[in-house]
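Below is one structure, written out as structure tokens; comments come after it.
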Amino acid sequence: MSMDLSVPETWRVKGPLYRLEAARCKTCGRIHYPPMPACPYCGSRDLERVTLPSEGVLESYSVVYAVPEGSRHKAPVLLGLVRLGRVRVVAEITDADPSELRTGMEVEAVLRRIRSDREAGIIRYGVMFRPKLKGGSRGG
Ligand SMILES: [Zn+2]
Numbered sequence: 000m001s002m003d004l005s006v007p008e009t010w011r012v013k014g015p016l017y018r019l020e021a022a023r024c025k026t027c028g029r030i031h032y033p034p035m036p037a038c039p040y041c042g043s044r045d046l047e048r049v050t051l052p053s054e055g056v057l058e059s060y061s062v063v064y065a066v067p068e069g070s071r072h073k074a075p076v077l078l079g080l081v082r083l084g085r086v087r088v089v090a091e092i093t094d095a096d097p098s099e100l101r102t103g104m105e106v107e108a109v110l111r112r113i114r115s116d117r118e119a120g121i122i123r124y125g126v127m128f129r130p131k132l133k134g135g136s137r138g139g
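Right, here's the structure in full:
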């Protein structure tokens with residue numbers, strides 16, 4: 000298995016909670032998440048915003064022990080390849096132990112604080128995914 004482990008620095012959520020905004024290229028039809036100003040495949044700048052489903056299926060995942068400075072307390076980080084309808088996104092998996100993860104399990108989007116830069120007064124939020132629970136017994 001191989002997958003791109005780079006987590007985009009630009010992850011931000013500007014819309015309502017749990018809204019997964021992506022950009023669909025009107026020229027080639029590919030969907031990019033997070034949204035990009037230009038399509039990396041065909042170079043088109045004719046993109047439109049689309050909202051991805053907030054629930055999907057975990058197709059693959061990696062346990063990452065080498066995390067950037069400032070986030071080491073979070074190690075290991077779980078990165079998942081999540082299928083949302085027709086689109087696959089790479090996102091952090093939260094509220095889960097590595098041993099709980101299974102390929103093919105259902106996951107749902109949650110909004111989490113991903114970084115706080117106290118000096119700059121910036122708190123970034125990002126969409127992560129967590130295992131979807133049957134019966135909804137988990138609180139909070
Ligand atoms: Zn394109």
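Letter 45 of the sequence shown, counting from 1, is numbered 44 in numbering that gives the first Met the number 0, and no numbers are missing. All C-beta atoms in this analysis are idealised placements derived from N, C-alpha and C, irrespective of residue type, glycine included.
What do you reckon, is the C-beta of residue i under 7 Å from a heavy atom of ligand 2?
i          : result
residue 32 : In the structure on display, ligand 2 does not appear, and the ligands it does have are ligand 1.
Could you tell me which residues DSSP puts in a beta bridge with residue i?
i           : result
residue 27  : For residue 27, which the question treats as bridged, DSSP gives no partner whatsoever.
residue 125 : 111
residue 50  : 20
Determine the DSSP secondary structure at residue i, reduced to helix, strand or coil.
i           : result
residue 71  : helix
residue 61  : strand
residue 97  : helix
residue 130 : strand
residue 90  : strand
residue 85  : coil
residue 66  : coil
residue 55  : strand
residue 79  : strand
Measuring only from the beta carbon, is residue i closer than 7 Å to any heavy atom that is part of ligand 1?
i           : result
residue 29  : yes
residue 102 : no
residue 50  : no
residue 93  : no
residue 43  : yes
residue 40  : yes
So the beta strand (DSSP E) residue i belongs to, where does it begin and stop?
i           : result
residue 103 : From DSSP, residue 103 is part of no beta strand (DSSP E); its letter is neither H nor E.
Give a yes or no on contact between the segment 34–47 and the segment 87–101, applying the rule of three or more CB pairs nearer than 8 Å. Segments in contact, no.
Are the segment 51–69 and the segment 78–89 touching, with three or more C-beta to C-beta distances below 8 Å? Between the segment 51–69 and the segment 78–89 there are three or more C-beta pairs closer than 8 Å, enough to call the two in contact.
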